[in-house]
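Reviewing the structure listed below.
2 protein chains.
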Amino acid sequence: MMILRYAPASPFVRKVRIAASILGLADRIELVTSNTADQQDPVRQDNPLGKIPTLVLENGMRLYDSPVIMAYLDSLAGGGKIIPAGEMRFKALTLEALADGMLDALILQVYEVRYRSEERREPSWVQHQADKVSRSLAALEDDPPALVDGLPNVGCIALACALGYQDLRFEAKWRPGHPRLVGWLDRFAKAVPAFEETRFKG
Amino acid sequence: MMILRYAPASPFVRKVRIAASILGLADRIELVTSNTADQQDPVRQDNPLGKIPTLVLENGMRLYDSPVIMAYLDSLAGGGKIIPAGEMRFKALTLEALADGMLDALILQVYEVRYRSEERREPSWVQHQADKVSRSLAALEDDPPALVDGLPNVGCIALACALGYQDLRFEAKWRPGHPRLVGWLDRFAKAVPAFEETRFKG
Chain A
1 MMILRYAPAS PFVRKVRIAA SILGLADRIE LVTSNTADQQ DPVRQDNPLG KIPTLVLENG
61 MRLYDSPVIM AYLDSLAGGG KIIPAGEMRF KALTLEALAD GMLDALILQV YEVRYRSEER
121 REPSWVQHQA DKVSRSLAAL EDDPPALVDG LPNVGCIALA CALGYQDLRF EAKWRPGHPR
181 LVGWLDRFAK AVPAFEETRF KG
Chain B
1001 MMILRYAPAS PFVRKVRIAA SILGLADRIE LVTSNTADQQ DPVRQDNPLG KIPTLVLENG
1061 MRLYDSPVIM AYLDSLAGGG KIIPAGEMRF KALTLEALAD GMLDALILQV YEVRYRSEER
1121 REPSWVQHQA DKVSRSLAAL EDDPPALVDG LPNVGCIALA CALGYQDLRF EAKWRPGHPR
1181 LVGWLDRFAK AVPAFEETRF KG
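Residue numbers (the working numbering), protein chains in the order written: chain A, 1 to 202; chain B, 1001 to 1202.
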């Protein structure tokens, strides 16, 4: 068994769990809860950054971050499954980077509250992060990614997780202004049961 | 010509410039300075996150973030050049993610000063980021990556840029405690002239 260091609410872990599910690899991966705030948590041995997801292979090799794990799972499943071949590859990978970048900007907003007392928060920094998300949502609403039949690619998986994270932590405020993306996420959820199965209900 | 939206001091851009140089692609890429703090900068059209490096291809396609651009340049050069095949691939990609994660943690420390007045800084947050870097340096000092003959892989390129960034912005404080990594960086710099050529001298 591989070990996935994980937390149930992590959107980056969710990417990996969805990928494992649709690639038929979920039963080869044991989920082990990690508390990244705990200095004694074994994740810091496996990944000096102390971040999840971190995947421990049977041979002891450690893989991170989430795009690397996604690429590994794709190769384990034979390749070309969730990372398309040819030029579509870089389109999918760039969409993944866009969605991951949205997540980074969202998480920095969450951390601003979680790690700082009110007088140490910086509204212009929070706005700077929020603007990254707004611009990304606007660009994606303008031109939602194709959801073709067959397996979704890593970009679509990451985008679904980035939208789902805003449902979880930002009161779904993205929805009213982005009807095409709302429809896109509905179609994604219908095509990929693992999306709902991995939704954090805490 | 491709266009690389860039800034001379960006360590993530430096990765791409080194890759382009060693892959013989530098003369196909025009460097265009980007001010990511300027709302009117065209980088925000090319990449809604407003981040550099962003690569604009001749067909108009936009690629980011730096690991995606590195993979694209490798494929453009025929593949298997700076991203090895087989299991070494994921070792190299994970090292790249480690070095990129160190850079993220370093840049958050720089931004803490740049974007906040003194009373809005949070020492425990800065320490949390600094600890990620310390643990990563300790793990790498324990077991420095192999520098084999031939082209360095994306992981080694990223690590060199992460160490170089600490020379630039953190007064080279990493050096005294990490003699093996200092020796590693010396060997890297000797083997890869583009490392010195892309050093920011501002």
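We treat Cβ as the ideally placed atom computed from N, Cα and C, and that holds for glycine.
Quiz item: Residues bridged to B:Gln-1005 by DSSP?
Solution: The sequence shown places Arg at residue 1005 of chain B, not Gln. In the DSSP output, where bridge partners are listed per residue, B:Arg-1005 has B:Val-1032 and B:Thr-1054.
Quiz item: In the stretch 47–74 of chain A, which residues sit with their C-beta less than 8 Å from some C-beta in chain B, listed in chain order?
Solution: For the stretch 47–74 of chain A, which is checked against every Cβ of chain B, the residues closer than 8 Å are Asn-47, Pro-48, Leu-49, Gly-50, Lys-51, Met-61, Arg-62, Leu-63, Tyr-64, Asp-65, Pro-67, Val-68, Ala-71 and Tyr-72.
Quiz item: With distances taken from CA atoms, which of B:Ala-1037, B:Met-1001, B:Leu-1031 and B:Leu-1140 is nearest B:Arg-1014?
Solution: Considering only alpha carbons, the answer is B:Leu-1031.
Exercise. Please go through the same chain and pick out, in chain order, the residues whose beta-carbon is closer than 7 Å to the beta-carbon of B:Val-1133, but skip the five residues on each side of it.
Key: Met-1102, Ala-1105 and Leu-1106
Quiz item: Leaving out five residues before and five after A:Tyr-165 in sequence, what residues of the same chain have Cβ atoms less than 7 Å from its Cβ?
Solution: Pro-11, Leu-103 and Leu-106
Quiz item: So what does DSSP say about B:Arg-1062, is it helix, strand or coil?
Solution: Here B:Arg-1062 sits in strand by DSSP.
Practice problem: Could you name the residues of the stretch 76–98 of chain A whose beta carbon sits closer than 9 Å to any beta carbon of chain B, in the order they occur along the chain? | Solution: Glu-87, Arg-89, Phe-90, Lys-91, Leu-93, Thr-94, Glu-96, Ala-97 and Leu-98
Exercise. Starting from the N-terminal side, write out each stretch of the alpha helix (DSSP H) that is 4 residues or longer and does not extend beyond the stretch 118–174 of chain A.
Key: 123–142 and 154–169
Quiz prompt | Residue range of the alpha helix (DSSP H) that includes A:Asp-100 | solution = Judged by DSSP secondary structure, A:Asp-100 falls within the alpha helix (DSSP H) whose first and last residues are 87–114.
Quiz item: Going along chain B in order, which residues have a C-beta closer than 7 Å to the C-beta of A:Ser-136?
Solution: Pro-1048 and Leu-1049
Quiz prompt | Reduced DSSP category for B:Leu-1023 - H, G, I as helix; E, B as strand; rest coil | solution = coil
Quiz prompt | Status (buried if at least 16 other CB within 10 Å, exposed otherwise) for A:Arg-180 | solution = exposed
Quiz item: What is the rounded straight-line gap between the Cα of B:Glu-1122 and the Cα of A:Glu-118?
Solution: 11 Å
Practice problem: Sort B:Val-1016, B:Ala-1007, B:Ser-1034 and B:Arg-1044 by Cα distance to A:His-128 and report the nearest one. | Solution: B:Arg-1044
Quiz item: Applying a beta-carbon distance threshold of less than 9 Å, which residues of chain B neighbour A:Tyr-115?
Solution: Glu-1122, Ser-1124, Trp-1125 and His-1128
Quiz prompt | Straight-line Cα distance separating A:Cys-161 from A:Leu-95 | solution = 12 Å
Exercise. Can you say whether B:Gln-1109 is buried or exposed, counting buried as having 16 or more other CB atoms within 10 angstroms of its CB?
Key: buried
Quiz item: What do you get for B:Met-1001, buried or exposed, if any count of 16 or more other CB atoms within 10 angstroms of its CB means buried?
Solution: Exposed, because fewer than 16 other Cβ atoms sit within 10 Å of the Cβ of B:Met-1001.
Exercise. Would you kindly work out how many angstroms separate the C-alpha atoms of A:Val-68 and A:Thr-54, rounded to a whole number?
Key: 10 Å
Quiz prompt | Minimum C-alpha distance to A:Ala-139 - residue among A:Ala-37, A:Leu-98, A:Pro-48 and A:Lys-190 | solution = A:Leu-98
Practice problem: Look at the alpha carbon of A:Pro-8 and the alpha carbon of A:Ser-34, and state the distance between them as a whole number of angstroms. | Solution: 9 Å
Quiz item: Should B:Ala-1139 be flagged as near chain A, meaning a C-beta pair shorter than 7 Å?
Solution: yes
Quiz prompt | A:Arg-114 burial status per 10 Å Cβ neighbour count (16 or more: buried) | solution = exposed
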